[in-house]
Structures are given as C-alpha cells and as structure tokens.
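Quick note on numbering: this note's numbering labels position 3 of the sequence shown as 123, and the sequence is numbered without any gaps.
Every residue gets a Cβ at the ideal spot worked out from N, C-alpha and C, and that includes glycine.
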Amino acid sequence: MPGWTNSNRRDRLPKDWQAIRHRVFRRDGGRCCIPLPDGRRCPNAATQVDHIIPGDDHSLDNLQSICDDHHRVKSSSEGARALNAKKAQNAKKFLRPERHPGLL
Ligand SMILES: [Zn+2]
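What follows is the structure, given as structure tokens:
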C-alpha cells in the first residue's frame, strides 16, 4: 500500500497532534487495535497512533492505537508483505477441513 513511508508526513501533522494522540490512546484503552490472525485483538500496549487510511485525515475515526511491532510492520512494505503472506496462509489453514485421525 503506498503512503506508509511518506517522507513529509510528519510536516503535515496538525498542531494539536499530541492532544489527538492522547485522545486516541484513551479511547482505545491504551492497547493496540490491530486484530490478530486468530481474531483476537493484539494484547500489546499501544505506543503509536496510526492512520487507518494513510493521508491527511486526522479525525478520530481514521486513527487507531497500535503497538511498536505493528507499527514496524505497517511502516515497512516488506513487513506488510510478510504479514499478508501469513494472513493468506492462515486463511488456507482455515479452509482445510480437519479430519479426525481415526477416520483415515
Ligand atoms: Zn499490536
């Protein structure tokens, strides 16, 4: 996804960004919002505020708290690719019907 590593993104953050960050952390209970492959929410403490849709939309609806790990994944396209591959793998695992060993 283009836009994660936009070099001038920092310059375009609003003046009250720190206040917005605090509001997002408080809303999300200080925890990372990224869902894990098994559907649970990431249990890590949030350290970053992430734009759900990259760009200039700094409204609370477009912001979520995320942990260091997920921030790193989202920041590097390599990591995102790896995560997508993992997701695809998990989806495949899900589709394969499990057979009871005794039935074979
Ligand atoms: Zn996380």
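| Item | Value |
| --- | --- |
| Taking 6 Å as the cut-off, is the C-beta of I172 nearer than that to any heavy atom in ligand 1? | no |
| Assuming A165 and G150 are in contact, meaning their beta carbons sit under 8 Å apart, how far apart are those beta carbons, in whole angstroms? | 6 Å |
| Write down the C-beta distance between P155 and R161 rounded to the nearest angstrom, noting that I regard them as a contact closer than 8 Å. | 6 Å |
| Sort out for me which residues DSSP pairs D181 with in a bridge. | For D181, which the question treats as bridged, DSSP gives no partner whatsoever. |
| In chain order, what residues of the same chain have a beta carbon less than 6 Å from the beta carbon of L183, not counting five sequence neighbours either side? | V144, V169 |
| What's the call for I173, buried or exposed, on a 16-neighbour Cβ count within 10 Å? | exposed |
| Under a Cβ-count criterion, where at least 16 other Cβ atoms within 10 Å of its own Cβ denotes burial, should K135 be classed as buried or exposed? | exposed |
| Helix, strand or coil for A139? Go by DSSP, reduced to three states. | helix |
| Any idea if S185 is buried or exposed, counting beta-carbon neighbours within 10 angstroms, 16 or more meaning buried? | buried |
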